[in-house]
Amino acid sequence: MEDTTGKMVYKYRIYINSKQYHDLTAVQSEAQCNKCETWTDYSKISVFNLINSLTEQMLTMSKTSAVWICPKCKVANKIKDTTIAETKLKEPYFLGVVPSPPNRKDGLQDRGQYARAVKQWAWNFINELEEKSTAFREDYRENSATFEDYESGEGGGEEE
Ligand SMILES: [Zn+2]
1 MEDTTGKMVY KYRIYINSKQ YHDLTAVQSE AQCNKCETWT DYSKISVFNL INSLTEQMLT
61 MSKTSAVWIC PKCKVANKIK DTTIAETKLK EPYFLGVVPS PPNRKDGLQD RGQYARAVKQ
121 WAWNFINELE EKSTAFREDY RENSATFEDY ESGEGGGEEE
């Protein structure tokens with residue numbers, strides 16, 4: 001129980017971490033298994049060529065097909081028969097992490113482009129701040145007694 005108040009304050013922080021931000025916002029592709037219908041992260045599947053049956057070779061005029069194995073049911077799926085979906089974070093999203101501000105690269109970058117990048121970055125940051133302060137206000141309203149304990153420096157005390 002001793003770091004309860006510590007954690008409470010901690011969660012209103014916004015981290016500046018470009019890599020983490022880009023990982024969280026990256027477009028993810030997923031492949032769906034035709035047998036069990038499970039979705040699998042496309043970047044984690046390995047694709048290999050499987051020799052087609054003779055009938056298939058005649059029908060498709062190709063000797064091999066690119067396939068991947070579903071990790072769940074172990075069935076081989078042909079890439080050309082696979083549904084691949086791209087998932088993107090829906091806006092607005094609040095991640096608690098923002099990228100570093102854009103760099104002006106030695107005046108080589110187009111001025112307008114740089115201004116737009118900064119503006120976009122700032123709005124993103126403002127939205128994150130707004131979200132955290134809203135969360136703080138909501139929590140404060142619900143648990144004002146706990147917060148007051150923390151503010152008066154008596155947190156982590158003898159509550160039951
Ligand atoms: Zn499957």
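Per the working numbering, numbering of the sequence shown is gapless, rising by one per residue and ending at 160.
Yeah, the Cβ is synthetic: ideal placement off N, Cα and C, and Gly gets one too.
Under the 10 Å beta carbon count, Ser46 is surrounded by fewer than 16 other beta carbons and is classified as exposed.
Considered as a whole, the segment 59–145 harbours 64–69, 76–78 and 83–87 as its complete beta strand (DSSP E) runs of no fewer than 3 residues, in chain order. As far as DSSP is concerned, Gln57 takes part in no beta bridge.
Within the model, the alpha-carbon separation for Ala122 versus Cys70 is close to 42 Å.
With a threshold of 7 Å, the Cβ atom of Val67 does not count as near ligand 1, since no heavy atom of the ligand is closer than that. For the set Met61, Pro101, Glu130 and Ile51, the Cα lying nearest the Cα of Ala117 is the one of Pro101. Note that the C-beta distance between Thr25 and Leu89 is below 8 Å.
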